[in-house]
Amino acid sequence: MEQQRDSYRSILETTSNAIFTAAEDGKILSANSAASRLLEYDHEQLLGMPFQQLVDSDSELALFFKFQSYRQKLVRQQQGLEMEANVITRLGQSITVHATISKGQSGSETPLVISLADIREQKQAEQEIMRMKDEFTANISHEFRTPLTIINGVLDNLKGHLTEPAQVKQIDSAKTNGLRMVRMVEQLLELSRSGRQNILITPIDIGQILEFVARSFSAIAREKNIIFQFPERCNYWVLGNLQAAEKIIFNLLSNAFKYTPPSGQVIINIEQQNDELYLTVSDTGVGIDEVEQGKIFQRFYRAEGTNSKHIHGVGIGLALVKELCFAMGWTINLESALGKGSKFTLMLHQTAAPANEIPSLESSQLPIEHNIESELIDAKTEVYHHGGQKSQYLILVIEDNPDMQQHLMNIIGAEHQCILANNGEEGVKMAIEYLPDIIISDVMMPVMDGFEALKIMRRNELTAHIPVIMLTARSDAESRKEGLKAEADDYLSKPFDAEELLLRLRNQIQSRLKLQQRLRQQIGQDRKPTASTPAPIEDKFLIRLNHCFEEHFESAEITMTQLASELAMSERQLQRKVKALLDLSPLEALKAFRIEKAKALLLQQEPVGIVAQKVGFSSQSHFGRVFKEHLGMTPGQFQKNHRTSSQ
17 MEQQRDSYRS ILETTSNAIF TAAEDGKILS ANSAASRLLE YDHEQLLGMP FQQLVDSDSE
77 LALFFKFQSY RQKLVRQQQG LEMEANVITR LGQSITVHAT ISKGQSGSET PLVISLADIR
137 EQKQAEQEIM RMKDEFTANI SHEFRTPLTI INGVLDNLKG HLTEPAQVKQ IDSAKTNGLR
197 MVRMVEQLLE LSRSGRQNIL ITPIDIGQIL EFVARSFSAI AREKNIIFQF PERCNYWVLG
257 NLQAAEKIIF NLLSNAFKYT PPSGQVIINI EQQNDELYLT VSDTGVGIDE VEQGKIFQRF
317 YRAEGTNSKH IHGVGIGLAL VKELCFAMGW TINLESALGK GSKFTLMLHQ TAAPANEIPS
377 LESSQLPIEH NIESELIDAK TEVYHHGGQK SQYLILVIED NPDMQQHLMN IIGAEHQCIL
437 ANNGEEGVKM AIEYLPDIII SDVMMPVMDG FEALKIMRRN ELTAHIPVIM LTARSDAESR
497 KEGLKAEADD YLSKPFDAEE LLLRLRNQIQ SRLKLQQRLR QQIGQDRKPT ASTPAPIEDK
557 FLIRLNHCFE EHFESAEITM TQLASELAMS ERQLQRKVKA LLDLSPLEAL KAFRIEKAKA
617 LLLQQEPVGI VAQKVGFSSQ SHFGRVFKEH LGMTPGQFQK NHRTSSQ
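Numbering (the numbering used here), first residue to last: 17 to 663.
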């Protein structure tokens, strides 16, 4: 017996797992050397310590000692209990372990044996594999979207030259199927993330979310002649995540409309029972066979009913719904009969409305694709070219794919001047060299990606003012956040329509014209930034330009070369920079500055000839012409009007 105990001790001391024996209440009776090493406690410190003190309070392992039901579970399972948990070291570090709890030998004084295996390296490897899988899936999305954008562009061109309705219908069918491919890729990407993304649970108004999503299906209901009913203007607060809830309702409704024939019904109901809320989506569609109902939430499974074979899909939507429900603690059930329709029921946990005001659900919180229609309707449609001539605006396109380059050049070149860069690094150099009016940049490129290029351009005073539209094949929220963080002015997901891109360009040009007007009005003003109101990036250059003008406006001999040298720029860069910000040449801006100075002197009733000399005009008659061009009156009339108004 003694020899057997020595053998057991030898095994315990040589194993890499931390082994504890504990009483029913969790008091540690013994621990091996591996336990001391893992948790950084001396052996004597561990003895008598409650095991619960070593465990993250939120983990399942902590629940074992809190609830009798868990200990009863151990009695029923001869093999013991296995779970993943986090244990806390003496220094407060959290370590992920695989824990096994088993009963001690019958009749022994050791009720529990606990084994902890350090799985940090395994978890890191899993996370790296998941990261690589996410990157691979995102790249697949990119590889799909880029050629589909080109295909759609070609189809649009073909459609514009067709007159036969049957041929137009074929082109529309090709475009629809291309967009369907993009949607399936996006669902794959969402599904790959759903099982492990951390979802922030907060009080959300499910009634408001439901109404918002449901309204987007109203047009489909009218088109298919489907009776569609849903609760309106109701407020039900539940625990969940806004974006996840929107995806769940969207997928359930999409599924209902997909399988419901014309003249059918899709009905949404909400019922309260105690603290639970039951949201049902019912349809009178093809229904699901009882045998298949248990498989319908599996990834990539599609019901094989004879009435549904003509419907496209790869079985992603309901799997995503199930996994998002699980992540939020919701449950979903299905009732269905073949030929009689289906009813999906969500059970949600109600909560009190928050005391603090929560922003209402707006379209900006939903994926970009949901907003495209309204953006196209609201966009301004001014055209900045006349008689078929190209505008004076220069657009820099940064794109690595040759086919996409040609596609973009064909679209943009019809209205504007266009230059091309093959990657982000080349794009930064060309932006500094040419100072274009607008930059359109892809995101995923070799050498330097679009986000990095954008950050560099935003830090450079020469290029900081240039509006940038990011083109991306990734429409997920993280990509959009990264683009906004890098200060992109607009964000357009592939595939896109040619007209949509041109509308966004026109909107950026319109915004730039308004900014130019505002900045022109500030020429000659003291615009020093303060700690509370730092200067916008455009103002920083204009402050330097004003200082330069302040030093030289009295000299009639100042030249463009001198101004450029003072500002450490080439003449070409100075010309385009000032033109972009003020829609004036540098010398025109200097004239405007001189006129502002002249106004102040004229208000002091100084003679016109003296004022002309003081503000850098060698000729009084030239000064008079320039003054009248700017203010619509001569310097003498300006003084007279001021005297009259002050009397």
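The C-beta atom is built at its ideal place from N, Cα and C for all residues, glycine as well.
No experiment lies behind these values; they were computed from the predicted model shown.
field: Nearest residue (CA-CA) to Ile217, options Leu132, Met344, Tyr275
entry: Numbered from 1 along the sequence shown, position 201 holds the residue referred to as residue 217. Nearest C-alpha to Ile217: Met344.
task: Specify, as a first and last residue, the run of the alpha helix (DSSP H) that Leu518 falls within.
output: Stepping through the sequence shown from its first residue, residue 518 is reached at position 502. From DSSP, the alpha helix (DSSP H) with Leu518 extends over 514 to 536.
message: Quick check on the DSSP output: what are the complete alpha helix (DSSP H) runs of length 4 or more inside the region 213 to 274, in order along the chain?
response: 222 to 231, 234 to 240
- prompt: Buried or exposed: Phe233, going by 16 or more other Cβ atoms within 10 Å of its Cβ?
  reply: Along the sequence shown, one-based indexing puts residue 233 at 217. By the neighbour-count rule (16 or more Cβ atoms within 10 Å), Phe233 is buried.
- prompt: Closest to Val129 by CA distance: which of Pro219, His432, Asn251, Asn33 is it?
  reply: Along the sequence shown, one-based indexing puts residue 129 at 113. Selected option, being the one with the closest Cα: Asn33.
Rounded straight-line distance, which links the Cα of Gln591 to that of Ala447: For the purposes of this step, residue 447 is taken as the residue at position 431 of the sequence shown. For the purposes of this step, residue 591 is taken as the residue at position 575 of the sequence shown. Spanning the two alpha carbons is a distance of roughly 14 angstroms.
message: By the three-class DSSP mapping on this structure, what secondary structure does Met446 have?
response: Locating residue 446 in the sequence shown gives position 430, where the first residue counts as 1. DSSP places Met446 in helix when its eight states are reduced to three.
query: By Cβ distance below 6 angstroms, which residues in the same chain neighbour Gln245 in space, the five residues on each side in sequence not counted?
result: For the purposes of this step, residue 245 is taken as the residue at position 229 of the sequence shown. Cβ neighbours of Gln245 beyond the five flanking positions: Ile283.
field: Span of the beta strand (DSSP E) around Leu617
entry: Residue mapping note: residue 617 aligns to position 601 of the sequence shown, counting from 1. Per DSSP, Leu617 belongs to no beta strand (DSSP E); it is in the alpha helix (DSSP H), 602 to 619.
Residues near Ala605 in its chain [Cβ-Cβ closer than 8 angstroms; skip 5 each side]: Here the question's residue 605 lines up with position 589 in the sequence shown. Hits under 8 angstroms: Ile539, Leu561, Phe565, Val594, Leu598.
field: Which of helix, strand or coil DSSP assigns to Phe557
entry: To locate residue 557, count along the sequence shown from 1; it is residue 541. Note: Phe557 maps to helix in three-state DSSP.
- prompt: Roughly how many angstroms lie between the CA atoms of Gln532 and Val229, to the nearest whole one?
  reply: Taking the sequence shown and counting its residues from 1, the one referred to as residue 532 is at position 516. Taking the sequence shown and counting its residues from 1, the one referred to as residue 229 is at position 213. Distance between the alpha carbons of Gln532 and Val229: 40 angstroms.
Simplified DSSP state of Glu570, which is helix, strand or coil: Mapped onto the sequence shown, residue 570 falls at position 554. Coil.
message: If distances are taken between C-alpha atoms only, which option among Glu431, Val463, Glu503 comes closest to Leu519?
response: Reading the sequence shown from its first residue, position 503 is the one you call residue 519. When each option's Cα is compared against that of Leu519, the closest is Glu431.
task: Check the C-beta distance from Val297 over to Phe360 and give it rounded, since I have them as a contact under 8 angstroms.
output: Here residue 297 refers to the residue found at position 281 when the sequence shown is read from its first residue. Here residue 360 refers to the residue found at position 344 when the sequence shown is read from its first residue. About 5 angstroms; that satisfies the 8 angstroms criterion.
- request: Please state whether DSSP places Gln109 in a helix, a strand or coil.
  value: By one-based count along the sequence shown, residue 109 stands at place 93. In this structure, Gln109 counts as coil in the three-state DSSP scheme.
message: For Ala133 and Gly466, I'd like the C-alpha separation in whole angstroms.
response: By 1-based counting over the sequence shown, the position of residue 133 is 117. By 1-based counting over the sequence shown, the position of residue 466 is 450. The straight-line gap from Cα to Cα measures roughly 44 angstroms.
- prompt: Going by other Cβ atoms of all chains shown within 10 Å of its Cβ, with 16 needed for buried, is Gln140 buried or exposed?
  reply: For the purposes of this step, residue 140 is identified with residue 124 of the sequence shown, where counting begins at 1. Exposed.
Nearest-angstrom beta carbon gap, Thr165 and His423 [assumed within contact, 8 angstroms]: Along the sequence shown, read from residue 1 onward, the residue named residue 423 stands at position 407. Along the sequence shown, read from residue 1 onward, the residue named residue 165 stands at position 149. Yes, His423 and Thr165 are in contact; Cβ-Cβ is about 7 angstroms, under 8 angstroms.
- prompt: Just to confirm, are Ser352 and Ile414 a CB contact at a threshold of 9 angstroms?
  reply: Counting from 1 along the sequence shown, the entry for residue 352 is found at position 336. Counting from 1 along the sequence shown, the entry for residue 414 is found at position 398. No, these two residues do not count as a Cβ contact at 9 angstroms.
task: Within its chain, find whatever has a CB closer than 6 angstroms to the CB of Ala547; leave out the 5 residues flanking it on each side and keep chain order.
output: Walking along the sequence shown from the start, residue 547 turns up at place 531. With a pLDDT of only 40 at Ala547, under the threshold of 50, the placement of this residue in the model should not be trusted; the figure read from the coordinates follows. Once the five neighbours on either side are set aside, Ala547 has no close Cβ partner at all.
message: If I measure Cβ to Cβ from Leu268 and keep anything under 7 angstroms in the same chain, skipping five residues before and after, which residues do I get?
response: Within the sequence shown, residue 268 is the residue found at index 252, counting from 1. So the list reads Val297, Val337, Phe360, once near-sequence residues are dropped.
- prompt: So what does DSSP say about Gln655, is it helix, strand or coil?
  reply: The count along the sequence shown starts at 1 and reaches residue 655 at position 639. Of the three classes helix, strand and coil, the one that applies to Gln655 here is helix, per DSSP.
- prompt: When the Cα atoms are used, what is the spatial distance from Arg106 to Tyr57?
  reply: Position 90 of the sequence shown, counting from 1, holds the residue named residue 106. Position 41 of the sequence shown, counting from 1, holds the residue named residue 57. Cα to Cα, Arg106 sits roughly 6 angstroms from Tyr57.
field: Burial state of Asp394 (16 or more Cβ within 10 Å)
entry: By 1-based counting over the sequence shown, the position of residue 394 is 378. Because the pLDDT at Asp394 is just 31, under 50, the model does not fix this residue reliably, and the value given afterwards should be weighed accordingly. So Asp394 counts as exposed.
message: So, under 8 angstroms CB-CB, Gln665 and Leu618 are touching, yes? Tell me the CB distance rounded to an integer number of Å.
response: Here the chain covers residues 17 to 663 and nothing more, so residue 665 does not appear.
message: Based on DSSP bridge pairs, tell me the residues matched to Ala353.
response: For the purposes of this step, residue 353 is identified with residue 337 of the sequence shown, where counting begins at 1. Note: Ala353 sits in a beta bridge opposite Gly357.
Contacting residues, own chain, Cβ-Cβ under 8 angstroms from Asn251 (five flanking each side not counted): Reading the sequence shown from its first residue, position 235 is the one you call residue 251. Contacts found: Asp221, Gly223, Gln224, Ala369.
- prompt: Hey, Phe36 and Ala50 are a contact pair by Cβ (cut 8 angstroms); roughly how many whole angstroms apart?
  reply: For the purposes of this step, residue 36 is taken as residue 20 along the sequence shown, with counting starting at 1. For the purposes of this step, residue 50 is taken as residue 34 along the sequence shown, with counting starting at 1. Incorrect: roughly 10 angstroms between the Cβ atoms, too far for contact.
Delimiting residues of the beta strand (DSSP E) encompassing Met425: Your numbering for residue 425 matches position 409 in the sequence shown. That residue, Met425, is in no beta strand (DSSP E); its alpha helix (DSSP H) goes 418 to 428.
- request: Could you say which of Gly256, Leu451, Ala469, Tyr450 lies nearest to Val459 if we only look at CA atoms?
  value: Locating residue 459 in the sequence shown gives position 443, where the first residue counts as 1. Closest option to Val459, Cα to Cα, is Ala469.
query: So, is Pro181 buried or exposed, given that buried needs 16 or more other C-beta atoms within 10 angstroms?
result: Counted from its first residue, the sequence shown places residue 181 at position 165. Result: exposed.
field: Three-state class that DSSP yields for Asn48 in the structure shown
entry: Residue mapping note: residue 48 aligns to position 32 of the sequence shown, counting from 1. If DSSP states are grouped into helix, strand and coil, Asn48 belongs with coil.
task: Determine the contact status of Glu40 and Glu76, defining contact as a CB-CB distance below 9 angstroms.
output: Looking up residue 40 in the sequence shown gives position 24. Looking up residue 76 in the sequence shown gives position 60. Not a contact, by the Cβ cut-off of 9 angstroms.
- prompt: Would you report the Cα separation of Phe643 and Gln653, rounded to the nearest angstrom?
  reply: Numbered from 1 along the sequence shown, position 627 holds the residue referred to as residue 643. Numbered from 1 along the sequence shown, position 637 holds the residue referred to as residue 653. Each residue's Cα considered, the two are about 11 angstroms apart.
- prompt: Tell me which same chain residues have a C-beta within less than 6 angstroms of the C-beta of Glu98, skipping the five on either side of it?
  reply: The count along the sequence shown starts at 1 and reaches residue 98 at position 82. Contacts found: Thr116.
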